[in-house]
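Only one structure is covered here, and it is reproduced in the block below.
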Amino acid sequence: MAAPAEAPSTAKPAPPQPPLNASVREVRDVREAVLSPDGTLVAAPIADSTADGGKTHIWLLSADGKAARQATFTGAEADPGERGPAWSKDGRGLFFLAKRGKADRLYRLPMAGGEAEALTLARPATGALKSGWNLKVEDAADVAPSAYDISPDNKWIALVAADGETAAREAEVKKKDDAVRVGHDDRKTVRLYLADAATGQAREIDLPDNVRQARWSPGSDELLVITAPQDEDLGPAARLWRVRAADGQATLIAAAPNTVREALWTAAGAVWLAQCEEDAPPGCAELYAYDFAAGAARGLTKGLKGTLSENLVVEKGGKTLVTPIEAGVRQRLARIDLATGALSWIDVPLPVVASIQTNPNETAWAMIASGPLQPRAVFVAGRLGDLGTRLAGPAMVPAGWPMTPSETVHWKNGKLDVEGLIYLPKGVSAAAKVPLVVIVHGGPTGLFQDRYSNQVNLLVAQGWAVLETNPRGSQGYGAAFEAANKNDLGGGDYADIMTGVDAALAKYPVDPQRMGLIGYSYGGEMAAFVEGRTNRFKALVSGAPVIDQFSEYGTEDGSFYDRWYFGKPWERFADAWRQSALAKVGQAKTPLLLIQGEDDPTDPLGQSKEMYRAMRQAGAPVVLVTYPRETHATLGRGFAAESTREPWHGDDVRRRMIAFLADAFAGRPPAADTP
25 MAAPAEAPST AKPAPPQPPL NASVREVRDV REAVLSPDGT LVAAPIADST
75 ADGGKTHIWL LSADGKAARQ ATFTGAEADP GERGPAWSKD GRGLFFLAKR
125 GKADRLYRLP MAGGEAEALT LARPATGALK SGWNLKVEDA ADVAPSAYDI
175 SPDNKWIALV AADGETAARE AEVKKKDDAV RVGHDDRKTV RLYLADAATG
225 QAREIDLPDN VRQARWSPGS DELLVITAPQ DEDLGPAARL WRVRAADGQA
275 TLIAAAPNTV REALWTAAGA VWLAQCEEDA PPGCAELYAY DFAAGAARGL
325 TKGLKGTLSE NLVVEKGGKT LVTPIEAGVR QRLARIDLAT GALSWIDVPL
375 PVVASIQTNP NETAWAMIAS GPLQPRAVFV AGRLGDLGTR LAGPAMVPAG
425 WPMTPSETVH WKNGKLDVEG LIYLPKGVSA AAKVPLVVIV HGGPTGLFQD
475 RYSNQVNLLV AQGWAVLETN PRGSQGYGAA FEAANKNDLG GGDYADIMTG
525 VDAALAKYPV DPQRMGLIGY SYGGEMAAFV EGRTNRFKAL VSGAPVIDQF
575 SEYGTEDGSF YDRWYFGKPW ERFADAWRQS ALAKVGQAKT PLLLIQGEDD
625 PTDPLGQSKE MYRAMRQAGA PVVLVTYPRE THATLGRGFA AESTREPWHG
675 DDVRRRMIAF LADAFAGRPP AADTP
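In structure tokens, the structure reads:
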């Protein structure tokens, strides 16, 4: 008797994988390293690989480089993992934030062994705040901490925490009586709480506006607190307060500007970051020192040819500060005198030091550093200036992954000096020119650094050269350079990129007939700007772009950043339209791949849809691929070949992008939608 015929398979065939792309699902990431008080351990949040779920967990790395173990674990699939580690001042406990259930909570893990205990903060509909370690509370809204600071005497914990959804609101949502009055019903109140570290009993410190940051004084009796309204769409409105812990009395530090952020205590008073004095994009920061006795602040870093980070470490004695500074394609450590502003560089043997931390006695320094041949890793050194010991831990990239050397490229566009980085496939020669992929960073105040890049090595593995450009508008070169594309998006910066392409063609074995350009966020916007301006590229890939400055301004989360560049579109109609990629779509001819997260609040889905519709109606080849659940940041990580929570979206983005470029380089029209 014949066997019954098998039913035809309905499974979707596995798409072909370009070299290296499948193993991108095995990469990890580390961005923070916190040294224990005795200098023997480092607590580091390390992201699992995409294949393992992409959650972040706290690892304990031995400072001698010999051992590592995972210290925190997450059970439920929906829980995102653990973050924000800090040590108790005696080293006996490790604190971290995690969302295990409905709300974020602060946890304390005893180093002697045992389970982590949770600090409960809950607000009943009526009555006093309920708080305590491992406290069970019914009929109260959880208060969700987003940041915390442990007092130097180890007795108190300052928590910045948002009110949870009330029972009344939950009931409204459940019965679908849940209309939202924008600017009112969608507001979150973020408060400051002081909790007894031993008992967990907490009290609220009453402050105007939402709390953003709280930092303990060396004497554990005061705090520096930054507040701001939730909605700053009309402009910055931050304030800095000096708060007495005993009774909550708050004194406004009037000398702090409304852009103040990241304030710390010093020997004479305080130091903070705030907006550059020069006309520059929001976020351009300078360092200011404040003297309590004199009641005056003074700038310390005006004219700096670099970009400060929020990673500020005030050294013992409170008279100097150590911080990483983006300086061109490098990120260098610097020491700044808080009295004079004198800056001295502290160079280590890798070009990018992204994070620096120490312990109270400064017996060691923990760094996260990288270079083109060194994936991001944690190092511990006995003194600043040494790279020290690379710590054991899970590998950031799979074994056998390529390590492509970089070369810094310099060129001029008019009088402006511009630079970037180029990467070439192994064994390339002038006799066999290779395709060139140009990558444009986001921002526009982003920056390419001389560090290990998963994305670059993935593209080079296809046999392509890669050029990363830092055109005008990039950070890392000073306020004037960062501001040089004001009211000129897609103008001078586009010209900087194209002259960089010419510089690469003149010096390196790359094929001018096989070039592509890709980017995400502002990089995606630049890819869209290229449409209708030049036919030099065979294909363009645009991730999460801005296409129309009018609709973007009205639908994005917060418009103040864009307002600095070109003003209010209805008042500066010609300027806004000139700086919209949509303006030249009628001349578009280059095949364009659009990739877009459906839940992107920064550059919403409608932007990519506008470009897709316009390209099709212009008769130009275009593909739009959207990704459910993805936000601006999450899909951006997939585009950059980094670890993500979504199991397959990043893989799909990269596979489509590489196939789109490969078809174009081979002379095959990329699969595209045309009328």
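Its first residue numbered 25, the sequence shown is counted upward by one per residue in the working numbering.
Virtual Cβ for every residue (Gly too), placed ideally from N, Cα, C.
Just so we're clear, the structure is a prediction, and the values are computed from it rather than from any experiment.
A Cβ-Cβ contact shorter than 9 Å links S604 with Q573. Shown here for G63: same chain residues with a beta carbon closer than 7 Å to its own, the five before and five after excluded, namely A87, N383, T387 and A388 in chain order.
Note on geometry: alpha-carbon atoms of L231 and R215 lie some 8 Å from one another. When only Cα atoms are considered, R129 and P253 end up about 23 Å apart. Looking at the DSSP output, A185 shares a beta bridge with P169 and R215. Taking all protein chains in view, the Cβ of M427 is surrounded by fewer than 16 other Cβ atoms within 10 Å, so the residue is classified as exposed. Under the three-state reduction of DSSP, M639 is assigned to helix. Contact between the stretch 555–574 and the stretch 470–482 is absent: fewer than three C-beta pairs spanning the two stretches fall below 8 Å. In this chain, D233 is not harboured by any alpha helix (DSSP H), its DSSP state being neither H nor E. E334 sits in coil when the DSSP states are folded into three classes, being neither helix nor strand. Beyond the five residues adjoining it in sequence on each side, R49 comes within less than 7 Å, by CB distance, of S73, T74, A75 and D675 in the same chain, given in chain order.
Within the same chain, Q620 and E622 come within 6 Å of L629 by CB-CB distance, once the 5 residues on both sides are set aside.
Nearest neighbour of A238 by Cα position, chosen from T251, A226 and R227, turns out to be T251.
F316 counts as exposed, since fewer than 16 other beta carbons sit within 10 angstroms of its beta carbon.
By the C-beta criterion, the stretch 324–336 is judged not to be in contact with the stretch 275–284, since fewer than 3 inter-stretch pairs fall below 8 Å. The continuous stretches of alpha helix (DSSP H) do not include E443, which lies in the beta strand (DSSP E) extending over residues L440 to Y447.
A262 is a Cβ neighbour of V284, given a cutoff of 9 Å. Counting of Cβ neighbours within 10 angstroms places S47 among the buried residues, the total reaching 16 or more. L248 is not a Cβ neighbour of R268, given a cutoff of 9 Å. Distances from the CA of L121 to each of E101, L183, T150 and G151 were compared; the closest alpha carbon is that of L183. In this structure, DSSP gives I682 a helical state, which the three-state scheme calls helix.
Note on the stretch 104–144: whole beta strand (DSSP E) runs with a minimum of 3 residues are 106–111, 117–123 and 128–134, in chain order. Sequence-distant partners of T650 (beyond 5 residues in either direction) whose C-beta falls short of 7 Å from its own C-beta, in its chain, are Q620, E622 and L629. For E196, the three-state secondary structure derived from DSSP is helix.
Counting along the chain, the unbroken beta strand (DSSP E) around A358 starts and ends at R354 to D361.
Here H673 carries a helix assignment [DSSP, helix/strand/coil].
A residue is called buried once 16 or more other Cβ atoms fall within 10 Å of its Cβ, and W672, having fewer, is exposed. Taking a C-beta distance under 9 Å as the contact criterion, G115 and P69 do not qualify as a contact pair.
For E549, no pairing in a beta bridge is given by DSSP.
Boundaries of the alpha helix (DSSP H) harbouring T523: G516 to K531, taken from the DSSP string. Membership of V433 in the beta strand (DSSP E) is indicated by the continuous run S430 to N437. Less than 9 Å divides the Cβ of L685 from the Cβ of I542. The three-state reading of DSSP puts T275 in strand, counting E and B together. A direct Cα-to-Cα measurement between G78 and A102 gives close to 11 Å.
9 Å or more divides the Cβ of A390 from the Cβ of L133. Comparing alpha carbon positions, the residue from V161, W157, E431 and A186 closest to S170 is A186.
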